[in-house]
Amino acid sequence: MSALFRILRTTSLTALTLCLLTAMVWAAPAKPQLQITSYLINADLDPSVNRLSATADVTFTALEELTTPTFELNNGLQITKVTDAQGHPLESERLTNNSTVRFTLAAPIPKGTSTTFHFTYAGTLKGSETSPVEGIKLASIEDPISILLYPGRWFPMTGLFTNRFTAEMHIRVPSDERVVGSGSGVAAAKSLPGNRTEHTFKWAKPGFPGTIIAGKFLEPITAGNMRVYVTEKHKDHAHDFASLGEREYLFMSGTFGQPESTHMNLVELPDDTVSATWAPEIAAIAGNRIAARNEQRLLSNTLAHQWWGSQVSPATMNDAWITNGMSRYAELMYLEDSSGKNAFQSAITDISAGALAYDTEPLTTIGRLDPFSPQFQSMTLEKGAMVFHMLRWEMGDDVFIKFLRAILSEYADKSVRSSNVQTIAEKQSNLELQAFFAQWLDGTGAPAFADKYSVFRLGDNKGFRTVGAITQDLDLFRMPIELRIETDGKTEIRRVDISGSDSQYSIETFGRPRRISVDPDNWLLKSTPDLAVRVAVLRGQELVAQGDLTGALIEYQKALDANKNSSLAAYRIGEIFFMQRNYQSAANSFRDALRGDGDPKWVEVWSHIELGRIFDVTGQRDRAVNEYRLAVQTNDNTQGAVNEARASMQKPYKREQTEN
1 MSALFRILRT TSLTALTLCL LTAMVWAAPA KPQLQITSYL INADLDPSVN RLSATADVTF
61 TALEELTTPT FELNNGLQIT KVTDAQGHPL ESERLTNNST VRFTLAAPIP KGTSTTFHFT
121 YAGTLKGSET SPVEGIKLAS IEDPISILLY PGRWFPMTGL FTNRFTAEMH IRVPSDERVV
181 GSGSGVAAAK SLPGNRTEHT FKWAKPGFPG TIIAGKFLEP ITAGNMRVYV TEKHKDHAHD
241 FASLGEREYL FMSGTFGQPE STHMNLVELP DDTVSATWAP EIAAIAGNRI AARNEQRLLS
301 NTLAHQWWGS QVSPATMNDA WITNGMSRYA ELMYLEDSSG KNAFQSAITD ISAGALAYDT
361 EPLTTIGRLD PFSPQFQSMT LEKGAMVFHM LRWEMGDDVF IKFLRAILSE YADKSVRSSN
421 VQTIAEKQSN LELQAFFAQW LDGTGAPAFA DKYSVFRLGD NKGFRTVGAI TQDLDLFRMP
481 IELRIETDGK TEIRRVDISG SDSQYSIETF GRPRRISVDP DNWLLKSTPD LAVRVAVLRG
541 QELVAQGDLT GALIEYQKAL DANKNSSLAA YRIGEIFFMQ RNYQSAANSF RDALRGDGDP
601 KWVEVWSHIE LGRIFDVTGQ RDRAVNEYRL AVQTNDNTQG AVNEARASMQ KPYKREQTEN
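Those letters in the sequence shown? Residues 1 to 660, by the UniProt record's numbering.
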């Protein structure tokens, strides 16, 4: 297991974490110049030489008087010819620093005018060498799987995930390959000379049908409306993958309503690209995640984009919290349904830590950040999910589902803004939510609650009255909050309104109160000592992913300063020492993790495994086997831990030559 995978253990969406490794050239998006409405693409894929050859008719409307239209295009692709709608050739200028192509027109295109440019282009696409997102393979023609993902800019485009378009594509590949795209079934595959086949796709609704995946896939496995495409390497996992996808799809269809298409393709991705991606009718997962059988949350999040991303999309990147956040929360809703409340509550704690990790920029201005930066990912995914979680608390479950369906219905095949979400939320709930959206979208930070109270006995055996005050540090904060009152008798639940920094309450109970908990079920995003530990650990993990081990150790030490018994912080420190081959310090840290607070539970099993590996690499096989045995005895198979321990009992662990 690689060092990076150990660092990312327990992250539900490794694809998104991998995005944190990138350093994409990014400037705050300017006002769009043009709106692309449709494509007609003919593309030829030749995996033997990693080459893509294509033509694209790009129809667009000028949103202002256009003199220098600009399109994004992968730097690995060279334009050989571009003509306008009248067939006149156009001169282009390639800007490699941001993967764009700019045209200077002899005569401007008037505002509101629609026209078509015809592009002819080709080039070598292999690995991440020319990727518009540094370090991540998004467009690559290879054997056995070629990927042309929409963010890879393999065709001229603009407005990533905001500019909706229709597309007709004709894709030519070797005859031993299958092709997956959006809008299949419009025409049968056509045989061509030279052992090649042409596949046609047509997506007629405005959306993001910009992903093509081709490869030596086996005959697809079918489960309900799911079709699963895998290579020979992962055929043994295809049926389980299909069944899981069907269960998750049925849950989300029942929750959000039927998506735009009843066809769904689950597709294997290469291991060295993102761990997941989506397009209309497509949910693609890396083969190693399919084989590890730990793709439940990853797949549910990816499927959720059929509604939150495909059916509705953000109007601007300032609105990305809507689709990113709701896809994340849909993932948690399925977790709650399939694994129960405890699993859901544990996940909410992790999501809260992510929401607070970089909470210095309001969600409504987040578009100024690089969309692949840790801050953008953390805010739109985790804080976005918490916004929906808190709206569910405000509205109640039934109204919350009606609210979500109303967004999907009213803005189907359209873009949606934060203000639209507020309007629908207020209409469906009959609540005044101006303060809510001002706090969580336009503001930053989270309240830290404290509760002081006194208990008085009532006369005539009527019980007890508790008079208290909840204080917190945000003067403008206003929301209802739940109190759990544990008494000598039954436990009472009360809902009280918090307004300002000091809110009084009075509660009567029959039994004498012994303990009062504020927001015990974590419905609100709040600052707590436990979350301070998790936030510091999360920041440390992201610094490790970026290669800054010194910075990561500083963050992990902050976590230990907040909680000296933090098993998680000690474990993460042990990982860094292991990566640095400082085995004694690593062993000390893993033992500290075992002696700590035991939170989260998986730290125990993996600390034993890591200790076993340390003994293996230092030539102490008997001690290693004992640690692996202790790991097996925990019966905790988080991320395949027990399987890993059993395998290591049979064969000593050896560090890969590529590891640090």
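All residues carry an ideal CB built from backbone N, CA and C; glycine is no exception.
Query	Result
THR618, buried or exposed, once every other Cβ within 10 Å from all chains shown has been counted against 16	exposed
9 Å Cβ cutoff met for residue 743 and PRO209	Nothing about residue 743 can be reported from this structure: the residues present for the chain run from 1 to 660 only.
VAL186 beta carbon less than 9 Å from that of TYR229	no
Residue range of the beta strand (DSSP E) that includes GLY287	Looking at the DSSP string, GLY287 is not in any beta strand (DSSP E); the run it does join, the alpha helix (DSSP H), is 287 to 292.
Closest residue to ASP57 among LEU45, LYS81 and ASN74 (Cα-Cα distance)	LYS81
The region 350 to 370 touching the region 420 to 427, judged by at least three CB pairs closer than 8 Å	no
Residues bridged to ILE470 [DSSP beta-bridge criterion]	ASP451 and SER503
CB of ALA167 within 9 Å of CB of LYS202, strictly	yes
C-alpha gap between PRO374 and ALA385, whole angstroms	16 Å
Cut-off 7 Å between Cβ atoms - residues of its own chain near ILE493, not counting five sequence neighbours on either side	GLU482 and ARG484
Cβ-Cβ distance between TRP440 and LYS526 below 9 Å	no
Strand pairing of GLN35, partner residues [DSSP]	THR61
Environment of PRO529 [buried if 16+ CB atoms lie within 10 Å]	exposed
Whole-angstrom C-beta distance between ASN75 and THR96, which should lie under 8 Å	5 Å
C-alpha distance - ASN643 paired with THR634, whole-angstrom precision	12 Å
First through last residue of the beta strand (DSSP E) which encompasses LYS564	Careful: LYS564 lies outside any beta strand (DSSP E) and carries neither H nor E.
Beta-carbon separation (whole angstroms), ALA283 vs MET264, contact threshold 8 Å	7 Å
Rounded straight-line distance, which links the Cα of GLY540 to that of ARG646	30 Å
Extent of the continuous alpha helix (DSSP H) to which ARG297 belongs	296 to 304
Supposed contact pair GLY640 and ALA292 - C-beta distance, whole angstroms, cut 8 Å	6 Å
Among ALA586, VAL312 and PHE436, nearest to PHE388 - alpha-carbon criterion	PHE436
Where ASN163 sits in the DSSP three-state scheme	coil
Under the three-state DSSP convention, the category HIS237 falls into	helix
Sequence-distant residues of its chain with Cβ nearer than 7 Å to PHE510 (five each side left out)	GLY463 and GLY489
CA-to-CA distance, SER419 to ARG655, given in whole angstroms	53 Å
Close Cβ partners of ALA631 (< 6 Å) along its chain, the five nearest in sequence each way excluded	VAL605, HIS608, ILE609 and ALA645
Own chain residues within Cβ distance below 6 Å of PRO193, not counting five before or after	none
PRO270 versus SER184 - alpha carbon distance	22 Å
Three-state class that DSSP yields for GLY354 in the structure shown	helix
Three-state secondary structure assigned by DSSP to PHE155	coil
Among PRO513, PRO69, ASP616 and ALA353, nearest to THR115 - alpha-carbon criterion	PRO69
Neighbourhood of TYR653 by C-beta, 8 Å cutoff - its chain only, sequence neighbours within 5 removed	GLY612, ARG613, ASP616, VAL617 and ALA624
In DSSP terms, what ALA283 is bridged to	LEU266 and TRP278
Three-state secondary structure assigned by DSSP to ASN42	strand
CA nearest to the CA of ARG94, picked from ALA189, LEU77 and THR273	LEU77
Residue closest to SER175, alpha-carbon to alpha-carbon, out of ALA188, ARG196 and TRP308	ARG196
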